[in-house]
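Student: Chains as they are written, first to last, in our numbering: chain A, 1 to 282; chain B, 283 to 564; chain C, 565 to 846; chain D, 847 to 1128; chain E, 1129 to 1410; chain F, 1411 to 1692. The structure under discussion is supplied below as structure tokens; questions concerning it will follow.
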């Protein structure tokens, strides 16, 4: 029997031996434009069958690491607060068992669930944030917990200059102005990455990747494709530099697989996740 | 300039003269399986361009009636209660101006917004409900205002034997058992329609059509296609029998246009809406 | 080498021996809603590979008949008059060589090209017309040669009561009124077919099938899907009754294959064409 | 954690207690037209999430039965013989453990693997075969084990008048002639089902359903859509009559989910499988 | 009520105050390969909902400018000359009211309509032309007003060295030879842009952008995808250099949205249009 | 009549005068992930209609060369060995008639058929191999003739250092290790091309292009999209350098057109083939 497609890319360590716990968060209830990221964790697992376990970039196999894929959390349909709470509670358990959480979204708002746990445990937490959008609004259509608020909520937990943003190319005027004072924002590309890595060296780091940081030519399968993004190579090179960082958690968010029927976006999502896991797992 | 595509099928009476007000409710935040009904009102308007204004079935043109298409309500992203309130408030205004509201959904939960207003105004209100699903759960994943609860909420307002269901073929065991005692349920088809029409004659009637009452061969463009549904002719024939009823409001729900790239589902949605409006408008 | 996909279903008699000449007319320049029928002849040939040559309905193989598939006419891009002229000129040649023309459209306006030749040769010509739309406007957006005018143009050639329409369910009010006086119109279905066949018995008959006579559930791959159409069985049964008629020409129009990515519409188009050819070829 | 999507519709009994074993056979290596049925078992499991466990038709829940979903067999890429052997060997194990096998294909040739085991165990085995195609060729393009040969291979095992075919509408001339002498063939529909059920009463029965027996309007998601098929209701009614038969095994074959991006075909496949399991499981 | 989706990106100044008038020209009647650009203006308006009004590239909001979106012209189905005349007549009115016209196509031939008005008003007019194709044929399939002739027609109005072409990579041999003598052609990229801008400084400039100048990886949603095109960044950088030019009119042509179901091409079209408007509006 | 679409881009020399013979090999029976390359030859011919015959890159028309498009070989469904034999036999005939074979795949395993003939005729044969995947396994799922074995099989024929690989970015660990000793492998890009061309100068060269060497953003239409590939420009520039080589045969493999409904991948496939033919034909 071939049950390998039930986990991401043969990440089938058992929970006890695992150092990393992968889980899916299939929720997109506050998506303001085109929904569908709820299907990402399932599709990423299914399609990882087309990918090799070996990375020629890092000369490692993902199965060299003890990773447990725990499947998906039950979705709290229509209630983003409950979903975030459920993520936080599961993250807390992973962390208290001495393991690193890696979440597959789902919409970006869900990162509030993981990061609030990490921020409490690591007061010196720093965030590497790859995204097309600033996500820095305090409220959005009256909301405090939508995909557009996530980094603002994180800023409330961590304070100024803890968030390093890369690839940002969309937001409203006020967000860009606000960002100048409170976060380290790299517009359009990853040019400031080396400097950022220098600054977070040795400190606890959480990495949050909104796949839409990639250009829509590379990654059309997302709710709000935003032209002018970075290439696959740019994102890959960034990830390869994570080796050696003190990464304490990560997530990959916002694949909406139905919008790219060719499967290319899903293939990108899978490969980025493989490289990320090899780069940050111990 | 051709601005006709901005309204549904030339329904461009002005508000004051209008006897019927059409509006869109672009929200799908509690959809439990495949989202996307939020795009229905926009797509229905756009694609109505491919439809004639004349119905050979009723030998009438839709422009014979004074209908004002008021566009879409602003979506309350991620907050179904707020969205229902906003619908209720707009419906109240329409009704107090002496006009009949017709809503284009959006997910089925939104019918709670219109029906609560009608139920208050017409204590003797009866519901004709066309759907694949019972929608009769008190709670669903802890929710009271999702697409799966809508007719239960309506039953709370109106009591036993006010809801006539047609085409029902999916639900859990308890719902079907509960239905036997509290509503008049016609499973799989519209066989009991004539008897139902007899019983509601002269009384205020609200008609709620979940497009998924149609078989997926006719209407694949919906979040949860449920095989074994009624044909286009069966639904059309039901609608033609509404002529002469005392209809005080109506809605057409659950088109998710992206799932049917052929456009056939949208064409069905448009034509059903045209026939419904001609049948119930004064 | 397998060159069979270059002709429709092994219709590869040579021209001289052929009694029937099949040709494609890849043009959709006056389509008012969704274009794309220009691709039909090519796709029908390619996909006929998935179909058997044997009809269990008629217990015959299509290769029992001498049919020459002559490929496609060169499209006169943007000039419907020139395209119709080119079709007329090719039809004239086929007819003068003593063969029967069968055209694969393209938009319905092109039937003017074949029928004008047949009408001149057979003053007593009768038309069996299967369509969702009346196509009976004298002018349409100022046009005299669009898909919406084709049967009116034919009426000008042949006069009253020569056109028998089936499956009609869309048009403007005036067309339906006009039809009552000038053509024999069967709305919605093929109920009047037996009577019509009685009337055209022995007379020269041209059959024009707009595939959109079929319900969109059966045939979504067309520019203007019109719900409420006939089933595959209904159309097939009609075709089986053509056996024994004096058919002098035919066409199958308005497949727009890109709108039905499943290929089901194309499969229907191929099978209808196979059955039609077996039924009318000598 | 929500691991329910890893099995079909909560069929998560453990192997020992199970009376029925469901397994996937993801192989389409001899498909002659459009491949893709290899993805069916995975997609059927994933999408079963949109279906209720309760059947209003049979007033039962699928979880009333002890069914173990064992996942997919490893595909023997490019080698149909090896794949059939692997299916036969797994089937033998299921049967020797006193359980009933139910296979989700994959291409139809794979039924040879299950049926050869059942035929050996039950010399009096009878086959109920629902299909668009005769599948009765001895060889096909030199092949003996393709989808076009499957029932001929079965006939070699069982002899004349053991195979009852329903819905057949495609094949070559010789197959239809051969069928008259060796099998009980119902062309186009299920009209002869009651008589067939009478004849197989009490005898061991294997049911093989090629989903393409359904009309392409209902089920476009298959490699060779064949217009003129039966409706969902017709197939459902047939299945409801299986109750009480001595069914010893079954399969559902030939969903190619990629060709129907709407998901409607997959929904049909899921619901047919739910009803089939409820009807034949003990 | 949310009527913002009825105009492009909140371009809802009233006509009188507006300095720029945006209008759609939904016509593709002479398209020689894959039609569908007629749907572009509608889809661009609808999807602009997913875009911010603020440009971080230019640090401006589009609503800083007075732009009136007048909707679509009525299509002259099947008659390109009439359509061009109708565009010319509307352009004349805009220009005589002292406003700048910006057209959303539709096929490229339609630029003849706007440019003929501008050429008459500004005898010294220069053209910046971004395209994959030369569009420099005098006649094309006998046509003088197809998408393949548009720049030749413009050359007839303006004479040698008034047209600057960028990104050109497709055409016939004669066109490329002819171009060397009559226009300033930059093959494959925008390398010569700075020099061109130097030459047109202070002079009246019309900008015509065929979206297919972009590589198909960035913009697959067009009738004739032509590999080897420029990147989004290259086109964006060109647009940012328009600031300060004396632009008197512009158009963006040849989005065929149906060919890119992911919506990425439409997102590119919207963003290019936003940046263009911010760069050239006063 | 327009029969041009029956050959690739007007490659309609007759066999006797032709110096190059193009043929299709529509087979994908050992594809391990997503099948569908069998449809590539047909679709490439059909869609070449949208491409010019003139290359501005090489300032030549493809019709300057005598190329015969012989159509497709008959597929040996389900039997890769038989298919390879059939290709080898046809290749032998082409070569013995003094012509150069160019194959359009189909899956990559089929290159074994052409190369085994060339290797026998030219003992000094060298291979230029463009691919995402190493394809260097001796066996794959027990297979010796799948797409994953092709270059290993070729190495058996030719020995060490005859195969130059470009763009490789996927394989298992052992393959990459093995490659270091036996082939000249350029990972990720075409950087080592000039050196390779130096080494093969004057020697007989066979060029095998797996289209998936291109990045999925450029070419999503393939069975296993592998992110991180080369751009269209990189591949084009490589091809332009083939001018002057002693090329004795070539192939272009692994377009699976159904996965890219936009048609962009097919357009890339067509243009690459045009440029390749102009570069290597005499």
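Think of the CB as a built atom: it goes at the ideal place given N, C-alpha and C, for glycine as much as any other residue.
Are the CB atoms of residue 1009 of chain D and residue 1029 of chain D nearer to each other than 7 Å?
Tutor: Contact: yes.
Student: Please identify the residue among B:360, B:384 and B:429 whose C-alpha is closest to the C-alpha of residue 370 of chain B.
Tutor: Selected option, being the one with the closest Cα: B:384.
Student: Residue 318 of chain B versus chain A: which residues are under 9 Å apart at the beta carbon?
Tutor: Residues of chain A passing the Cβ test: 34, 35, 36 and 258.
Student: Check each residue of the stretch 398 to 429 of chain B: if its Cβ is closer than 7 Å to any Cβ of chain A, include it; give the result in chain order.
Tutor: Listed in sequence order: 423, 425 and 428.
Student: Please confirm if residue 1681 of chain F has its CB atom under 7 Å from at least one CB of chain E.
Tutor: Yes, residue 1681 of chain F lies at the interface with chain E (some Cβ there is under 7 Å from its Cβ).
Student: Let me make sure I understand the geometry here. Which of D:966, D:978 and D:972 has the alpha-carbon closest to that of residue 954 of chain D?
Tutor: Measuring from the Cα of residue 954 of chain D, the nearest candidate turns out to be D:978.
Student: In chain B, which residues lie with their C-beta within 8 Å of the C-beta of residue 29 of chain A?
Tutor: 311, 312 and 360, listed in chain order.
Student: Please confirm whether residue 896 of chain D has its beta-carbon closer than 7 Å to some beta-carbon of chain B.
Tutor: For residue 896 of chain D, the answer is yes, since a Cβ of chain B falls inside 7 Å of its Cβ.
Student: Using the Cα positions of residue 1141 of chain E and residue 1193 of chain E, report the straight-line distance between them to the nearest angstrom.
Tutor: Straight-line Cα distance between these residues: approximately 9 Å.
Student: Would you say residue 510 of chain B lies against chain D (beta-carbon separation less than 7 Å)?
Tutor: Taking Cβ atoms only, chain D reaches closer than 7 Å to residue 510 of chain B, which makes this a yes.
Student: Per DSSP, which one or two residues make a beta bridge with residue 452 of chain B?
Tutor: Answer is B:415.
Student: For the beta strand (DSSP E) that residue 750 of chain C lies in, which residues bound it at each end?
Tutor: It spans 748 to 751 - the beta strand (DSSP E) in which residue 750 of chain C sits, taken as one unbroken run.
Student: Beta-carbon separation of residue 1398 of chain E and residue 1189 of chain E under 7 Å?
Tutor: No, Cβ-Cβ distance for residue 1398 of chain E and residue 1189 of chain E is not below 7 Å.
Student: From this set, B:318, B:364 and B:417, which residue's C-alpha is nearest residue 457 of chain B's C-alpha?
Tutor: Ranking the options by Cα distance to residue 457 of chain B, first place goes to B:417.
Student: Less than 7 Å between C-beta atoms, sequence neighbours within five positions excluded: which residues of the same chain meet that for residue 1126 of chain E?
Tutor: Nothing in the structure corresponds to residue 1126 of chain E, since chain E is present only between 1129 and 1410.
Student: In the structure shown, what three-state DSSP assignment does residue 126 of chain A receive?
Tutor: Residue 126 of chain A falls in the strand class under three-state DSSP.
Student: Spell out the partners DSSP gives residue 815 of chain C in its beta bridges.
Tutor: In the DSSP output, where bridge partners are listed per residue, residue 815 of chain C has C:667 and C:772.
Student: In the DSSP assignment, find the unbroken alpha helix (DSSP H) run with residue 518 of chain B in it and report its ends.
Tutor: Start and end: 514 to 522.
Student: So, under 8 Å CB-CB, residue 613 of chain C and residue 800 of chain C are touching, yes? Tell me the CB distance rounded to an integer number of Å.
Tutor: Actually they are not in contact, since the Cβ atoms of residue 613 of chain C and residue 800 of chain C sit about 21 Å apart, beyond 8 Å.
Student: Residues in the stretch 742 to 760 of chain C with C-beta within 9 Å of chain B's C-beta atoms, listed in sequence order?
Tutor: Answer set for the stretch 742 to 760 of chain C: 751 and 752.
Student: Taking beta-carbon pairs under 7 Å, can you tell me which members of the stretch 1289 to 1301 of chain E lie near chain F?
Tutor: Within the stretch 1289 to 1301 of chain E, the qualifying residues are 1297, 1298, 1299, 1300 and 1301.
Student: With a threshold of 6 Å on Cβ separation, who are the neighbours of residue 809 of chain C within its own chain once the five nearest residues in sequence on each side are excluded?
Tutor: Same-chain partners within the cutoff: 769.
Student: Let me see if you follow: with CB-CB separation under 7 Å, is residue 1228 of chain E close to chain B or not?
Tutor: Taking Cβ atoms only, chain B never reaches closer than 7 Å to residue 1228 of chain E, which makes this a no.
Student: How big is the Cα-Cα spacing for residue 41 of chain A and residue 1377 of chain E?
Tutor: Rounded to whole angstroms, residue 41 of chain A to residue 1377 of chain E spans 47 Å at the Cα level.
Student: Which word fits residue 1533 of chain F, buried or exposed, when buried means at least 16 other C-beta atoms lie within 10 angstroms of its C-beta?
Tutor: Classification of residue 1533 of chain F: exposed, given that the 10 Å Cβ count is below 16.
Student: By a C-beta neighbour count over all protein chains shown, 10 Å radius and 16 as the cutoff for buried, is residue 763 of chain C buried or exposed?
Tutor: Classification of residue 763 of chain C: exposed, given that the 10 Å Cβ count is below 16.
Student: Within 10 Å of its beta-carbon, does residue 159 of chain A have 16 or more other beta-carbons around it, so buried, or fewer, so exposed?
Tutor: With fewer than 16 Cβ atoms within 10 Å of its Cβ, residue 159 of chain A is classed as exposed.
Student: Do residue 304 of chain B and residue 376 of chain B count as a contact pair if the criterion is CB distance below 7 Å?
Tutor: Not closer than 7 Å, so no.
Student: Going by DSSP, name the residue or residues bridged to residue 1092 of chain D.
Tutor: Partner(s): D:1050.
Student: Relative to the C-alpha of residue 1017 of chain D, which candidate in D:883, D:960, D:1070 and D:952 has its C-alpha closest?
Tutor: Among D:883, D:960, D:1070 and D:952, the Cα nearest to that of residue 1017 of chain D belongs to D:1070.
Student: From the DSSP output, in three-state form, read off residue 1207 of chain E for me.
Tutor: Looking at residue 1207 of chain E - three-state DSSP - the assignment turns out to be coil, as it is neither helix nor strand.
Student: Can the beta-carbon of residue 392 of chain B be found closer than 7 Å to that of residue 520 of chain B?
Tutor: Result no, Cβ atoms of residue 392 of chain B and residue 520 of chain B do not sit closer than 7 Å.
Student: Which two residues bound the contiguous beta strand (DSSP E) that contains residue 1150 of chain E?
Tutor: Residue 1150 of chain E -> beta strand (DSSP E) spans 1148 to 1153.
Student: Quick check: is the beta carbon of residue 42 of chain A nearer than 7 Å to any beta carbon in chain D?
Tutor: By this cut-off, residue 42 of chain A is an interface position.
Student: For residue 1613 of chain F and residue 1539 of chain F, which I take to be in contact (beta-carbon distance under 8 Å), what is that distance rounded to the nearest angstrom?
Tutor: With 8 Å as the limit, residue 1613 of chain F and residue 1539 of chain F do not qualify as a contact, their Cβ atoms being about 15 Å apart.
Student: Within 7 Å (strictly less), CB to CB, does residue 520 of chain B reach chain C?
Tutor: Output row for residue 520 of chain B: interface = no.
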